Amino acid sequence: MTTAEMLELDRLRDEVAQWRARFDAAKKRNTLFANSGDVVEPLYTALDVAGDASMLEVPGEFPFTRGIHPTGYRGKLWTMRQFAGFGTAPETNARYKYLLAQGQTGLSVAFDFPTLMGYDSDHPRSEGEVGKCGVAISSLADMETLFDGIPLDKVSVSMTINGPAVILFAFYVAAAEKQGVEVSELRGTIQNDILKEYMAQHAWVYPIEPALRLIVDNFEWSAREVPLWNTVSISGYHIREAGATAVQELAFTLADGFTYVERGIARGLDVDDFAPRLSFFWDIHNDFFEEIAKLRAARRIWARHMKERFGAKDVRSLIMRFHSQTAGVTLTAQQPMNNVVRVAYQAMAAVLGGTQSLHTNSMDETLALPTEQAVEVALRTQQVLAYETGVPNVSDPLGGSYYVEALTDKLEAEAEALFEKIAEVGGVVRGLETGWLQRQISESSSRQQWEIEQHRRTIVGVNDFVTEEGALTIPLLKVSADAERYQLARMAKMRAARDDSVVKPRLDALRAAAKTDENLMPLILDCARAYCTLYEIRAAMEEVFGAYREPVFF
Amino acid sequence: MRPIRVLVAKPGLDGHDRGAKVVAAALRDAGMEVIYTGLHQTPEMIATAAIHEDVDVVGLSILSGAHMTLIPRVLDLLRADGRDDILVTGGGIIPREDMDALESRGTGRLFGPGTPTSDLVDYIREWFEAHEAQTA
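This is the structure in structure tokens:
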């Protein structure tokens, strides 16, 4: 800094001190709560960012605070990717075709709870749950129907599946083979982030260690066979929805990411062989600037750790690509039309934070799965943002904002402090086994509920600006009870049609390999091709791996 | 008066336990004895736990849409064991018309998103006082 610049800062320091005296003396409202409960200063100035190196950054350059592409959204807009799935494969296939016809640019599969947990639709534990929260997929046959008429070499597909992720991925690869698509051309993502399942979302199958082995098996296999596929979408979304603050979401998610990288390296893989295919998934909550700063800090932390701690050389290992979804937990059942506005602000924060793809929630999602009309408004929200607001014209338009830069630095520093705490409790895996991580999230969730009930945090329509609740003003989707019956008939037909003489040997081969160090992906794929069902494949490995037991507390 | 015993349970495959845990903690803070089952419970596991733990109230949390299958089954299992004196209440993502159908089938009140925990505490206390007066 030159002497002249230092004198300017001294002058500013005097002015800020005078402003502060006037501010402190003035009468003020007493309701300033940031979402993470942190105190936010009423004014940020050049003093807050003096000497901040990121002020001198450009997008597309390390450490990528300002974005991963030199072209920002001028090169390519974000992918508008609405998460969808309900009922059976034919119904969801029709919804996908509708969404693509409306200008959606990628697909995202929501599975029902039995599928998420690795149960077939005709398993006794699935009764009453088939097709309720997503689409039921129990074998390759269902996956073929799900993408019937949708060319898998043209459309990128994201699948939210974790505990049994590798099995559903094998169904998908086998379905692509059946379409005659080159598997090496497949583009898309499986969420496959098992650590955050133990932490927050709870759709687990196996204990932690064998689950991590399957993830690394998939790193190894995919790097060779499906090099454009994102093998894990390291997800903060569910951690935040379960109650974490923005800083906890940031730190716990990145710590999960570092754990996968450590496991890949421990297998003997070169970090640059698998790290380029790791992507992230963030929750975009209500606190507008905090969310933007969170995304900027996330990119910077990932790049620094990948380079300095893990020795990655390939720039694709350093850049954090991510999907964002507006925060479901911020939607209210009361005055549901207000949710359209919440979603629009959150979507704008995601774009100002430089997201690569975006799901905007529908206004009716605290009440039921969304109607086609509600989904259309949600998609239009993105289109208005993309084509009418001018927001995507400039890369990182808030870069250089005293507030946003200071907040980015603060979130980074707080995340680093949390990484140290996680190390003190023995790392992510140990922190999950002891429940330490889950407790941190629970405590935050309880605090937020208390703040709402104490009116320290205002939720419009819920604890303030409340109207007498009349009849609900928006229509709701009803998933027909026929879905379960219809799916059971599909299952029976598939079981009767398949060649049973192939099914058992393939499952036996998988079970045998699970006892060794062999990479299980090719064996799971062979099972998928033979129309072994989801639960059959799950059970074959479960006989070797056992099942996960959660630490129960509240 | 003796403390009210409550079993907070998560039926089915639904993994959303934020609400259940917040409710369990709020009921405990209100002086009730609370047992939490953990996730992925079958109706049989819940009914058995309710009877073994000799609770007054079962609070079911369900956000997966499977409420019309799972909640009546818990009611039926308790009835089959002669324990229809236990209040079965709960909440989650349950459309109003389904809540009405379940309430007419014998559950207590069901609650939706945004309900203050104090409403649940008040409801359970009032039910308990009326129930104790009736059985005394």
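Residue numbers (the working numbering), protein chains in the order written: chain A, 1 to 554; chain B, 555 to 690. Beta carbons: idealized from backbone N, C-alpha and C, even for Gly. Since this is a predicted model, take the numbers as computed values, not measurements.
Residue i, DSSP secondary structure in three states
{"i": "G87 of chain A", "result": "strand"}
{"i": "S401 of chain A", "result": "coil"}
{"i": "E587 of chain B", "result": "strand"}
{"i": "G51 of chain A", "result": "coil"}
{"i": "D464 of chain A", "result": "strand"}
{"i": "A382 of chain A", "result": "First, the amino acid is wrong: residue 382 of chain A is Gln here, not Ala. Residue state, collapsed to three classes: helix."}
{"i": "Q438 of chain A", "result": "helix"}
{"i": "Q449 of chain A", "result": "helix"}
{"i": "W229 of chain A", "result": "strand"}
{"i": "V181 of chain A", "result": "coil"}
{"i": "V135 of chain A", "result": "strand"}
{"i": "Q487 of chain A", "result": "helix"}
{"i": "E550 of chain A", "result": "coil"}
{"i": "P505 of chain A", "result": "helix"}
{"i": "G573 of chain B", "result": "helix"}
{"i": "M1 of chain A", "result": "coil"}
{"i": "E57 of chain A", "result": "coil"}
{"i": "D217 of chain A", "result": "helix"}
{"i": "H202 of chain A", "result": "coil"}
{"i": "S121 of chain A", "result": "coil"}
Residues of its chain near residue i, where Cβ-Cβ distance is below 6 Å and the 5 sequence neighbours each way are ignored
{"i": "I319 of chain A", "result": "F64, I68"}
{"i": "A297 of chain A", "result": "T408, L411, E412"}
{"i": "A528 of chain A", "result": "L140, A170, F171, A174"}
{"i": "K493 of chain A", "result": "none"}
{"i": "E414 of chain A", "result": "V247"}
{"i": "L510 of chain A", "result": "L523, C527, A540"}
{"i": "D142 of chain A", "result": "A89"}
Counterpart residues of residue i in DSSP-defined beta bridges
{"i": "A563 of chain B", "result": "B:L614"}
{"i": "V157 of chain A", "result": "A:L107, A:G188"}
{"i": "G666 of chain B", "result": "For G666 of chain B, which the question treats as bridged, DSSP gives no partner whatsoever."}
{"i": "I234 of chain A", "result": "A:F280"}
{"i": "L358 of chain A", "result": "A:M80, A:S324"}
{"i": "Q595 of chain B", "result": "B:P565"}
{"i": "V628 of chain B", "result": "Paired residue(s): none; V628 of chain B is not in a bridge."}
{"i": "T643 of chain B", "result": "B:G613"}
Inter-residue spacing [alpha-carbon to alpha-carbon] between residue i and residue j
{"i": "D610 of chain B", "j": "V462 of chain A", "result": "30 Å"}
{"i": "T326 of chain A", "j": "V40 of chain A", "result": "23 Å"}
{"i": "R663 of chain B", "j": "A634 of chain B", "result": "21 Å"}
{"i": "A368 of chain A", "j": "T661 of chain B", "result": "21 Å"}
{"i": "T145 of chain A", "j": "L641 of chain B", "result": "44 Å"}
{"i": "D409 of chain A", "j": "E451 of chain A", "result": "27 Å"}
{"i": "V460 of chain A", "j": "M521 of chain A", "result": "49 Å"}
{"i": "A46 of chain A", "j": "R74 of chain A", "result": "29 Å"}
{"i": "K132 of chain A", "j": "G85 of chain A", "result": "9 Å"}
{"i": "R13 of chain A", "j": "F288 of chain A", "result": "28 Å"}
{"i": "M1 of chain A", "j": "M55 of chain A", "result": "14 Å"}
{"i": "F171 of chain A", "j": "S126 of chain A", "result": "20 Å"}
{"i": "L152 of chain A", "j": "T160 of chain A", "result": "17 Å"}
{"i": "L250 of chain A", "j": "A514 of chain A", "result": "34 Å"}
{"i": "K178 of chain A", "j": "Y535 of chain A", "result": "22 Å"}
{"i": "F465 of chain A", "j": "H285 of chain A", "result": "21 Å"}
{"i": "A481 of chain A", "j": "M622 of chain B", "result": "10 Å"}
{"i": "A684 of chain B", "j": "L632 of chain B", "result": "20 Å"}
{"i": "V271 of chain A", "j": "I194 of chain A", "result": "20 Å"}
{"i": "Y44 of chain A", "j": "A50 of chain A", "result": "11 Å"}
{"i": "Q487 of chain A", "j": "E365 of chain A", "result": "24 Å"}
{"i": "K478 of chain A", "j": "K28 of chain A", "result": "48 Å"}
{"i": "G668 of chain B", "j": "V343 of chain A", "result": "18 Å"}
{"i": "A242 of chain A", "j": "A4 of chain A", "result": "50 Å"}
{"i": "P316 of chain A", "j": "P276 of chain A", "result": "What sits at residue 316 of chain A in the sequence shown is Arg, not Pro. One C-alpha to the other measures close to 5 Å."}
Close Cβ partners of residue i (< 8 Å) along its chain, the five nearest in sequence each way excluded
{"i": "A303 of chain A", "result": "F62, P63, F64, L318, I319, M320"}
{"i": "K313 of chain A", "result": "D272"}
Same chain only: Cβ atoms within 7 Å of residue i, ignoring 5 sequence neighbours per side
{"i": "V520 of chain B", "result": "With chain B running from 555 to 690 in the structure shown, residue 520 of chain B is simply not present."}
{"i": "A386 of chain A", "result": "L77, P392"}
{"i": "L99 of chain A", "result": "Q82, A84"}
heavy atom of the ligand ZN below 7 Å from residue i C-beta
{"i": "V611 of chain B", "result": "No copy of the ligand ZN occurs in the structure displayed, which carries no ligand at all."}
Quiz item: Any chance the region 560-570 of chain B sits against the region 585-604 of chain B, with 3 or more Cβ pairs inside 8 Å?
Solution: yes
Exercise. State whether the region 223-230 of chain A contacts the region 177-188 of chain A, with contact taken as three or more CB pairs (one from each stretch) at a distance under 8 Å.
Key: A contact exists between the region 223-230 of chain A and the region 177-188 of chain A.
Quiz prompt | Stretch pair the region 427-439 of chain A + the region 303-313 of chain A: three plus CB contacts closer than 8 Å | solution = no
Quiz item: Counting Cβ pairs, one atom from each stretch, are 3 or more of them under 8 Å apart for the region 389-400 of chain A and the region 332-343 of chain A?
Solution: no
Quiz prompt | Meets three-Cβ-pair contact criterion under 8 Å: the region 491-508 of chain A and the region 109-119 of chain A | solution = no
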